[in-house]
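Residue numbers for the first sequence follow full-length UniProt numbering, beginning at 1 and rising by one. For reference, the structure is listed below as structure tokens.
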Amino acid sequence: MDNGAASAKDEGLLSRMALNDNKAGMEGLDRDMINKIIMETSKGSRFYESELKREHQVNQRIEKIMLQKGQITEQQLKKAQAQVERVVSELERGRDLTRLIVHVDMDAFYAAVEMRDCPELKDKPMAVGSMSMLSTSNYHARKYGVRAAMPGFIAKKLCPNLVIVPPNFNKYRAVSEEIREIFADYDPHFQAVSLDEAYLDFTDHLEQRQSWPESSRTHRCRTNSSPTGEEHIEPEEAAPEQIDLSPVLFEDSPNSSPFLLSSEGVCASGGACEVFGTSVEEAVKEMRFRIEQKTMLTASAGIAPNMMLAKVCSDKNKPNGQYRLPSTREAVMEFVQNLPVRKVSGIGKVSEKMLNALGISNCAHLGQQMALLSLLFSETAWHHFMQVSLGLSSTYIPRHEERKSMSTERTFKELSRAEEQFSLCRELCGDLAEDMKKEGLKGKTVTLKLKNVNFEVKTRAQTLQSAIATLDEIFAVAKDLLKTEIENESPQPLRLRLMGVRVSAFVSLDDKKPLQKSIIGFLQTGKTDSTDSTQEMHQKQEKEHFSNHSVPAWPLAGLPSAQKSQKPGEGGRTSEPQSFFQRAHAKRLQLQAAKASTEEGGQGRDASVSAPTDGCGTSAAPTEAQASTSGCGRLTSDGLTCPVCFRQVETTDLNVFNEHIDRCLGNSCGNPNQSNHPDSESDLESEAECKALEGVNRCRGECTTESAKANGDEESQSKREAQPSLIKDAHPASSVTGANHETTPQSSVLICPVCQRTQDTGDLTLFNHHVDLCLNQEVLHELRGQTSPPKDPPSLTRNRTEDTGHLLPRQACKGKSKRRDSPSSPNPKRTKGHGPRNTIDKFFRL
DNA sequence: TACATACAC
DNA sequence: CATGGTGTATGTA
1 MDNGAASAKD EGLLSRMALN DNKAGMEGLD RDMINKIIME TSKGSRFYES
51 ELKREHQVNQ RIEKIMLQKG QITEQQLKKA QAQVERVVSE LERGRDLTRL
101 IVHVDMDAFY AAVEMRDCPE LKDKPMAVGS MSMLSTSNYH ARKYGVRAAM
151 PGFIAKKLCP NLVIVPPNFN KYRAVSEEIR EIFADYDPHF QAVSLDEAYL
201 DFTDHLEQRQ SWPESSRTHR CRTNSSPTGE EHIEPEEAAP EQIDLSPVLF
251 EDSPNSSPFL LSSEGVCASG GACEVFGTSV EEAVKEMRFR IEQKTMLTAS
301 AGIAPNMMLA KVCSDKNKPN GQYRLPSTRE AVMEFVQNLP VRKVSGIGKV
351 SEKMLNALGI SNCAHLGQQM ALLSLLFSET AWHHFMQVSL GLSSTYIPRH
401 EERKSMSTER TFKELSRAEE QFSLCRELCG DLAEDMKKEG LKGKTVTLKL
451 KNVNFEVKTR AQTLQSAIAT LDEIFAVAKD LLKTEIENES PQPLRLRLMG
501 VRVSAFVSLD DKKPLQKSII GFLQTGKTDS TDSTQEMHQK QEKEHFSNHS
551 VPAWPLAGLP SAQKSQKPGE GGRTSEPQSF FQRAHAKRLQ LQAAKASTEE
601 GGQGRDASVS APTDGCGTSA APTEAQASTS GCGRLTSDGL TCPVCFRQVE
651 TTDLNVFNEH IDRCLGNSCG NPNQSNHPDS ESDLESEAEC KALEGVNRCR
701 GECTTESAKA NGDEESQSKR EAQPSLIKDA HPASSVTGAN HETTPQSSVL
751 ICPVCQRTQD TGDLTLFNHH VDLCLNQEVL HELRGQTSPP KDPPSLTRNR
801 TEDTGHLLPR QACKGKSKRR DSPSSPNPKR TKGHGPRNTI DKFFRL
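See the structure below:
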């Protein structure tokens with residue numbers, strides 16, 4: 001073996017404990033030495049023992065899989081191969097190379113910020129974090145093997161001169177806001193993944209850009225010579241890189257930019273200027289240039305036809321570089337062939353190890369072994385592998401979904417006394433309740449998480465009949481769970497090192513939306529709408545749409561688990577082709593719908609020039625009904641179902657559809673104006689960030705509670721909650737009863753959940769019809785006024801090529817929009833008790 | 001639903 | 001001295 005540092009026993013462990021030179025900045029370092037130090041430092045600790053144990057578990061899983069592999073017959077393999085090939089061609093058919101997806105990532109973000117603000121640090125190896133945990137390190141430190149998620153004390157052994165700087169999250173957040181403002185200029189719907197990372201769809205921007213005058217592509221260099229001195233003006237590009245293919249992609253932009261750019265020169269005032277071209281590369285360089293000018297920090301970017309590839313590409317020329325993967329099948333395939341599986345987002349340590357055991361280390365192998373993989377892994381898992389091997393993934397950048405859970409957990413010095421455990425538990429519940437209040441959340445499931453001093457983790461959950469939110473309510477449950485565990489262990493005490501409380505299974509507290517959603521639920525004939533799970537509906541929808549697209553970036557988390565469905569005798573699975581066809585079909589339909597509702601293309605505004613951005617609100621704004629329909633309504637192969645008359649409308653053009661609805665509504669109130677629910681809830685994103693950061697802020701005492709917007713619009717919320725679930729069977733009662741109301745018919749009497757009146761009919765069809773009418777009344781009401789339409793007006797720009805992804809108005813489904821449009825809006829910051837420490841660089845979900 | 005795992009930051 | 005916190009998805013029972 002080539003690793004003298006590892007004993008046979010350690011060897012397996014290396015996959016868990018050893019450093020990953022996977023990431024950038026780790027080239028050419030002495031891995032063996034580093035691993036040796038890591039091992040020596042860790043050895044004997046409880047943590048180490050725990051890792052050993054986990055490693056063992058993984059090894060067993062691998063053994064199991066290998067065993068299964070051994071039992072596979074030629075016959076089965078052959079069958080699987082045929083199956084795989086069918087799927088491949090189906091997927092191939094849906095390949096979409098028309099989008100230009102960009103993934104941007106700030107270089108060593110936290111560390112870079114600290115270095116920027118403290119020149120002393122510039123030439124030193126440094127990291128942000130604490131002795132217990134590092135968030136990130138600068139490139140100098142990485143040479144020593146010091147990296148994110150490594151405890152500081154180990155890092156110190158690797159690099160005794162390492163300077164560890166405590167994190168200053170407020171600052172990072174502020175910088176993040178700055179860069180997001182820039183992102184928004186290229187894609188107002190960009191998805192921030194963390195404080196320093198985002199996905200953008202540059203397609204529309206590029207289309208616009210083609211007709212922009214040079215002045216709009218000109219950017220001034222930082223005027224004030226930075227105090228710190230050196231200042232390079234060049235948007236220096238290290239990467240040699242490929243040819244510019246963009247012209248090909250955009251040659252036919254028919255009604256491209258309706259705007260004539262007001263061309264006020266930017267650089268009139270003097271100072272060096274940088275002019276950027278019209279290609280994607282140039283646009284991305286421009287964005288990075290602006291980021292650097294604005295923040296004095298560098299970013300790296302990847303440009304590719306889908307999210308997964310863009311992400312990988314952004315890593316390619318890091319730091320301070322970019323890489324474009326051309327939008328051709330050949331380029332993509334070649335790129336993917338040499339891609340180590342571990343580089344793919346979603347394939348982590350464990351998956352990597354399992355794949356390696358099968359002789360798979362890069363995506364070429366992945367492709368070659370698909371038949372085998374389809375027999376050893378779950379369907380979702382192998383489908384994902386398949387997509388990866390073909391270089392396919394989502395071409396549509398989804399909006400962030402509603403949160404599904406909220407939690408608080410804390411690590412501490414051993415805590416063994418029950419009394420203290422209870423009081424800590426209560427404290428956690430209090431913190432959690434506070435957080436939930438800010439977002440107006442109520443959930444039905446409480447989960448207690450415990451980690452003992454040996455790092456063994458346990459979770460215990462309980463689901464209630466109704467949703468709760470307050471400290472006392474949560475604690476009442478958590479306390480019981482804890483008590484049970486304590487009793488369970490007694491007379492030994494629980495020796496804890498961590499405790500956490502989580503609430504999930506939220507019910508919608510919203511007033512209006514449930515209505516819309518319930519309609520949708522209705523339209524989904526045959527599906528039960530479990531009353532309070534309105535959001536599930538949406539997520540489901542979104543998900544479908546997502547997968548129709550081209551793979552989400554999702555992992556195969558739970559991993560393999562061999563085919564249980566696999567009958568010994570026959571190896572093949574038959575369901576597959578169908579589901580893929582169906583998906584493809586659905587996809588096509590959605591596409592058509594999406595085509596009509598594609599968001600406006602006006603985002604390409606040039607910040608420094610202030611290009612004319614609007615003027616696009618002209619088209620009939622989609623009403624909520626429309627939006628709902630396009631996003632969630634029943635989309636059959638023949639068209640759309642009108643939420644008012646419930647008839648099929650034979651069109652996939654949402655504008656046409658909208659007119660139809662208008663007619664049904666008996667008036668032409670086509671576009672209720674402006675969106676924004678003034679009460680649209682607080683920004684989840686920053687909220688989440690703050691949450692993660694909390695304790696640290698406290699240390700700095702800088703935490704301000706700027707926006708406590710979650711003002712009490714809560715009273716009104718409790719009102720109508722019950723939703724008309726689709727009653728499918730003879731027992732209406734089975735249709736669940738959501739939170740509040742108990743309008744649900746218990747006996748044979750049917751009561752309309754909308755008008756609350758008893759319906760004297762036993763016929764469910766009739767009853768449903770009545771409810772339909774009631775709902776329509778409400779829809780009508782909403783459409784006529786008060787309710788705000790979703791933001792994105794349909795766009796008239798571009799018609800996409802047929803199988804393109806990019807469906808659905810992102811927020812169509814929900815009246816609630818957690819806007820990210822205004823990156824500048826202040827974040828609610830948390831001031832919380834104590835707590836945790838640091839978090840890894842870029843961490844926070846937005 | 002409950003629980004354990006994997007994964008991303 | 002010392003190995004984090006928040007959130008999501010998936011597999012399985």
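Cβ atoms here follow ideal geometry from the backbone N, Cα and C, with glycine treated the same way.
Euclidean distance between Cα positions of residue i and residue j
i: T744; j: S466; result: Any reading at T744 needs caution, since the residue's pLDDT is 29, under 50, leaving its predicted position unreliable; the model's value is listed next. Approximately 15 Å, taken between the alpha carbons.
i: A82; j: G367; result: 14 Å
i: G94; j: L206; result: 23 Å
i: N338; j: I360; result: 12 Å
i: P151; j: R116; result: 24 Å
i: T463; j: L29; result: 50 Å
i: S628; j: A357; result: At S628 the pLDDT is 27, less than 50, meaning the model places this residue with poor confidence and gives no usable figure here.
i: A272; j: R220; result: 6 Å
i: K444; j: S423; result: 22 Å
i: N317; j: A299; result: 10 Å
i: V341; j: N306; result: 17 Å
i: E456; j: V332; result: 43 Å
i: P119; j: L67; result: 57 Å
i: W212; j: S393; result: 31 Å
i: I182; j: I291; result: 7 Å
i: F190; j: D315; result: 19 Å
i: N35; j: D185; result: 44 Å
i: R142; j: R329; result: 35 Å
Check whether residue i and residue j have beta carbons under 7 Å apart
i: Y172; j: V113; result: yes
i: V284; j: Q322; result: yes
i: V336; j: I303; result: no
i: V146; j: A127; result: yes
i: N59; j: A108; result: no
i: C313; j: L325; result: yes
i: S407; j: R497; result: no
i: V507; j: K442; result: yes
i: L375; j: A148; result: no
i: P166; j: S135; result: no
i: M354; j: I62; result: yes
i: V453; j: E485; result: no
i: V446; j: A469; result: no
i: K449; j: G500; result: yes
Heavy atom of the ligand HEM within 6 Å of residue i beta-carbon
i: I34; result: With respect to the ligand HEM, the structure shown offers nothing to examine, as it has no ligands at all.
Buried versus exposed call for residue i [16 or more other C-beta atoms within 10 Å across all chains shown]
i: K438; result: buried
i: H56; result: exposed
i: residue 903; result: Lying outside 1 to 846, the shown extent of the chain, residue 903 is not represented and no answer is given.
i: P125; result: buried
i: E600; result: Unreliable placement is indicated for E600, whose pLDDT of 31 sits below 50; the coordinate value is still reported in the next sentence. The residue in question, E600, is buried, as its Cβ has 16 or more Cβ neighbours within 10 Å.
i: L509; result: buried
i: L19; result: buried
i: R417; result: exposed
i: Q293; result: buried
Residue i in three-state terms, based on DSSP
i: K285; result: helix
i: A127; result: strand
i: T218; result: strand
i: A149; result: coil
i: S194; result: strand
i: M106; result: strand
i: Y144; result: coil
Problem set entry | Complete beta strand (DSSP E) runs within the region 310–375 (minimum length 3 residues, chain order) | 322–324
Problem set entry | Minimum length 4: unbroken alpha helix (DSSP H) runs contained in the region 41–104 | 46–71 and 74–93
Exercise. Unbroken alpha helix (DSSP H) runs of length 4 or more, entirely within the region 437–513: which are they?
Worked result: 471–489
Problem set entry | Length-filtered (3 minimum) beta strand (DSSP E) runs lying within the region 386–418 | 405–415
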